[in-house]
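Beneath this line is the structure, given in structure tokens, with notes to follow.
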Amino acid sequence: MPRLAQVATATLLLCHALAARAQAPAGPPANAGELPTIEVIEAAPLPGLDLPLDQIPGNVQTGTAADMERMHAPDITNFMSRALGSVTVTETQGNPFQPDVNYRGFTASPLLGTPQGLSVFLDGVRLNQPFGDVVSWDLFPRNAISSITLVPGSNPLFGLNTLGGALSIHTKDGISNRGTMVEVLAGQYGRVGAQFETGGHDPTNGMHWYLSANAYHEDGWRPSSPSDLRQLFAKVGRTTKNGDVSLTLALADNDLTGNGAQEAGALQRDWGSVRTIPDETKNKSLFLNLATTQALNDRLSFSGNAYYRDIRTSTYNGDLNDESLDQAVYQPNAAERAALAQAGYSGFPTSGENAANTPFPKWRCIANILLNDEPNEKCNGLINQTETRQKNYGLAGQFSLDAATGSITHKLVAGAAWDASRVSFNQSSQFGYINPDRSIASVAGPGAFADGSQESEDAFDARVDLSSRSHTGSFYLADTMALGANTHLTLAGRYNRTSVRNTDGLTPGGGPGSLDGDYTFSRFNPAVGLTWAPSDSLTVYAGANQGSRAPTAIELGCADPASPCKLPNAFAGDPPLKQVVTTTFEAGLRGTVAKQVVWNFGVFRSDNKDDLLFVADDSSGFGYFKNFGKTRRQGVEMGLHVKPAAAWTVGGNLSFLDATYRSAETVGGTGNSSNSSAADGFPGTEGSIQIQPGDRIPLLPRQLLKVYVDWEPTTSWRVGLDMTAASGTAVRGNENGQQAPDGLYYTGSGRTGGYAVFNLGVDYKPQPGWKVFLQVTNLFDRHYATAGQLGANGFTPNGSYVARPLPANANGDYPVPQATLYTPGAPRTAWVGLRYTFKGG
424 MPRLAQVATA TLLLCHALAA RAQAPAGPPA NAGELPTIEV IEAAPLPGLD LPLDQIPGNV
484 QTGTAADMER MHAPDITNFM SRALGSVTVT ETQGNPFQPD VNYRGFTASP LLGTPQGLSV
544 FLDGVRLNQP FGDVVSWDLF PRNAISSITL VPGSNPLFGL NTLGGALSIH TKDGISNRGT
604 MVEVLAGQYG RVGAQFETGG HDPTNGMHWY LSANAYHEDG WRPSSPSDLR QLFAKVGRTT
664 KNGDVSLTLA LADNDLTGNG AQEAGALQRD WGSVRTIPDE TKNKSLFLNL ATTQALNDRL
724 SFSGNAYYRD IRTSTYNGDL NDESLDQAVY QPNAAERAAL AQAGYSGFPT SGENAANTPF
784 PKWRCIANIL LNDEPNEKCN GLINQTETRQ KNYGLAGQFS LDAATGSITH KLVAGAAWDA
844 SRVSFNQSSQ FGYINPDRSI ASVAGPGAFA DGSQESEDAF DARVDLSSRS HTGSFYLADT
904 MALGANTHLT LAGRYNRTSV RNTDGLTPGG GPGSLDGDYT FSRFNPAVGL TWAPSDSLTV
964 YAGANQGSRA PTAIELGCAD PASPCKLPNA FAGDPPLKQV VTTTFEAGLR GTVAKQVVWN
1024 FGVFRSDNKD DLLFVADDSS GFGYFKNFGK TRRQGVEMGL HVKPAAAWTV GGNLSFLDAT
1084 YRSAETVGGT GNSSNSSAAD GFPGTEGSIQ IQPGDRIPLL PRQLLKVYVD WEPTTSWRVG
1144 LDMTAASGTA VRGNENGQQA PDGLYYTGSG RTGGYAVFNL GVDYKPQPGW KVFLQVTNLF
1204 DRHYATAGQL GANGFTPNGS YVARPLPANA NGDYPVPQAT LYTPGAPRTA WVGLRYTFKG
1264 G
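All letters in the sequence shown, in the order written, are residues 424 to 1264 by the numbering used here.
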């Protein structure tokens, strides 16, 4: 394990200043007089395997609705990034509701093509979408969340995609959330929002109900970056002396804009600047879940659910066309002028104008589209559009039994699940040109779309028309045995069998270039864990487990080295890929001191075999998915939670993560100064880089520190301050860590800088039921970036588009300047809110 000596020293230094929320609700405790505790943890997606924390062989973390309210978190990802240990957020897409959530180096992302390593559940229903295993965080009903549990490791009970951890989310109901709440807020950058919830329970007939609604808008702090959230959640049920039955409905209709990464030099001039616009995502979702829990007798119970999801996602993204950057920019020729005139375009360049004072790229693009003559090279803009429809449905059931064999007691569970999906995915790309405000203008004409028909040897076909059907059947078993009063052994395992059938609407029938294919994956994953609690204030634990992930349609559709693709612009066909298998070992200690201190210390190692990676094809600049040998995530976690005085709570946690590649591989590295072309004396042209064992995985900080201070001088006032600090990382494209800028062909360090961001919250309760609050994020207005990549830079220092800025090399190729692109973090942002709560039945 890395830096154990440093970790041990840091533990001693942090004992009186840090706090972990590993076995307590994340954030300051609701009761200022004593430390909160979590007595039981749900150790499986469905209710029934409820175990005391001292029987869980891992560093489980939890949070509640009250914790999220105290931190004024706009959504669940903001809460996790500020409150849960070993969790970081990378805003690759530049929208606060579309982040990549990383835990111990494993990711849950809304971006297609991102290797997914975390499973996410809502009331026992797996929310990883069937197309790409992605997670759309904006679809989560923010104010309907009752609690979250972050389960570490490759726990097989949570099924597919549980490589590094599982997030189990539970929603509110009318039994535990009676009454009504209304909240409104307003703040900088056009931020306005309103929330409503009401719940109740009739004990005479057992009926209970809960309803919540959330509406939110902000203009965004960067140009053309608005976000709109509209969420509705309803649950109705009935309890009896033996159990409960409930039906849940969740609706979402969200419009999100994230303007992505920008060149480092441009950010220095204007932190809010954008590279190209727009980058829009529209998500519409319907979710239905029928759930039940029933006690069959004093020792046996049953829980189960049946669900249906319908998700529609459309994207409209304006991008820079990298293929245009090495093309000459000159006046339209006679044929092009004639085409422009015939189409009714006026104002195009005359013979006396030149590239210094005329927007030649615009006219050359329009002319080439009208003539269908190399628009893929002459147009400097691309508009990429996708439409995805996913229907996902299934059912699950689980029996729980308390039993004994002699002096050994058992907590047994046995369950099974079946999940199925139908997916349709369509994609197209249209050529256009870049306007002065960086928006991409589309042009109609014979060569408007990238469909391979352009009169050019480099013409490409970006169209996709893919349908996919999949189903997964699984069953699982777990037994937690009390070997003694203080010692518990857990044995568990799950068998999964997944089938995926892809159908190509453009090139059906299989063969080269076709996406048609049938794939089947199956595996049994085991787990073992041991806990020993020699006293009420100390628990020692250790465990080993395995999880797996079957390749999804998007990866299976882009896996052929002979037909590489350029995500997200195209797919290709076979061959089939292998499952990713992760083995995790974990050990640690946790305990309390004098009921005023809660602490934890643990180590972990997760090894991925046959990890999936998007690999470059150096001859074309495109690439494909392949199984990548091995990767490893290992590290140390620690923390304390201290209550030094009645009005004060201080705490935090510290993580060290060593995330590395363990196998050699060749990947795309055109933006990297160490690539193969640069080594051959031709910098600024397409090339690849070599990953060596021990190279660090990008965008995963090695050190992560989170601390908070909470002060409640009276029952009416609360002031909270929290900080998140992370070390710098390599950006994507710099997987070998060898980017070295020369100021001409390559600019930018290829790394993000370390940062520390502070957030301030103030609550005032003038009278019962009322609360006024203020929240300020990034209190000291720190410029920082959580995500970045190496890429082509098509703009001059003054922001103008430029092609062929560098002279031709000895091969006659024109180098393209390569830059480090960063997704900037939001500046200081403040908002105020008013909440009124009154109890009811």
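Glycine included, every Cβ here is placed at the ideal spot set by N, Cα and C.
Look at the alpha carbon of residue i and the alpha carbon of residue j, and state the distance between them as a whole number of angstroms.
i        : j        : result
Phe-1196 : Pro-1240 : 48 Å
Ser-847  : Asn-925  : 10 Å
Arg-787  : Pro-701  : 22 Å
Asp-721  : Leu-835  : 14 Å
Pro-600  : Leu-1257 : Checking the displayed sequence, the identity of residue 600 turns out to be Asn instead of Pro. Those two C-alpha atoms are separated by around 20 Å.
Trp-1254 : Met-491  : 16 Å
Pro-1116 : Asp-1081 : 13 Å
Ala-687  : Phe-1218 : 12 Å
Ser-793  : Leu-763  : Correcting the residue type first, residue 793 is Leu in the shown sequence and not Ser. Going by the C-alpha atoms only, they are around 8 Å apart.
Lys-1032 : Phe-1048 : 15 Å
Gly-695  : Arg-1205 : 13 Å
Trp-955  : Phe-1008 : 17 Å
Gly-582  : Gly-547  : 11 Å
Ser-650  : Asp-642  : 7 Å
Arg-920  : Ala-1208 : 40 Å
Gln-552  : Asn-815  : 8 Å
Gln-611  : Asn-1182 : 15 Å
Thr-671  : Lys-658  : 4 Å
Gly-1173 : Gln-654  : 39 Å
Asp-796  : Gly-1222 : 28 Å
Leu-719  : Ile-806  : 58 Å
Gly-829  : Leu-906  : 11 Å
Leu-1012 : Glu-1060 : 10 Å
Ala-901  : Tyr-731  : 27 Å
Gly-1184 : Ser-648  : 25 Å
Does the distance between the C-beta of residue i and the nearest non-hydrogen atom of the ligand GDP fall short of 7 Å?
i        : result
Tyr-1237 : Among the components of this structure there are no ligands whatsoever, and the ligand GDP is therefore not found.
On the criterion of 16 or more Cβ atoms from any shown chain inside 10 Å, does residue i qualify as buried, or is it exposed?
i        : result
Phe-1203 : exposed
Ser-844  : buried
Ala-995  : No answer about Ala-995 holds up, because its pLDDT of 31 lies below 50 and its placement is not dependable.
Asp-556  : buried
Trp-1140 : exposed
Leu-1063 : buried
His-624  : buried
Thr-913  : buried
Thr-1015 : buried
Leu-1266 : Any answer about residue 1266 is impossible in this case: the structure gives the chain only from 424 up to 1264.
Ser-876  : exposed
Asn-1234 : exposed
Ala-488  : buried
Glu-880  : exposed
Looking only at DSSP bridge pairs, what is residue i linked to?
i        : result
Thr-828  : Ile-831
Leu-1127 : Ser-1078 and Ala-1149
Gly-547  : DSSP output for Gly-547 lists no bridge partner at all.
Val-866  : DSSP output for Val-866 lists no bridge partner at all.
Ser-1223 : Its beta-bridge partners do not exist; DSSP assigns none.
Val-836  : Ser-823 and Ala-901
Leu-953  : Leu-912 and Ala-965
Glu-1109 : None, per the DSSP bridge assignment.
Val-483  : Its beta-bridge partners do not exist; DSSP assigns none.
Glu-1088 : Ile-1114
Ala-1253 : Val-1199
Met-1061 : Phe-1024 and Leu-1077
Val-659  : Trp-632 and Leu-670
Asn-1050 : Leu-1035
- Item | Inter-stretch contact at 8 Å, needing at least 3 Cβ pairs: the stretch 705–715 / the stretch 751–770 | no
- Task: Would you be able to state if there are at least three C-beta pairs under 8 Å between the stretch 494–501 and the stretch 849–857?
- Result: no
- Query: At which residue ranges does the stretch 586–644 contain complete beta strand (DSSP E) runs of 3 or more residues, listed in the order of the chain?
  - Reply: 588–594, 602–610, 614–625 and 630–641
- Pairing CB atoms from the stretch 1228–1244 with CB atoms from the stretch 1097–1114, are three or more of them under 8 Å? yes
- Query: Between the stretch 1220–1232 and the stretch 1142–1151, do three or more beta carbon pairs fall short of 8 Å?
  - Reply: no
- Whole beta strand (DSSP E) elements within the stretch 689–755, 3-residue minimum: 702–718 and 723–743
- At least 3 beta-carbon pairs within less than 8 Å: the stretch 1153–1164 vs the stretch 561–576: no
- Whole beta strand (DSSP E) elements within the stretch 993–1038, 3-residue minimum: 1003–1016
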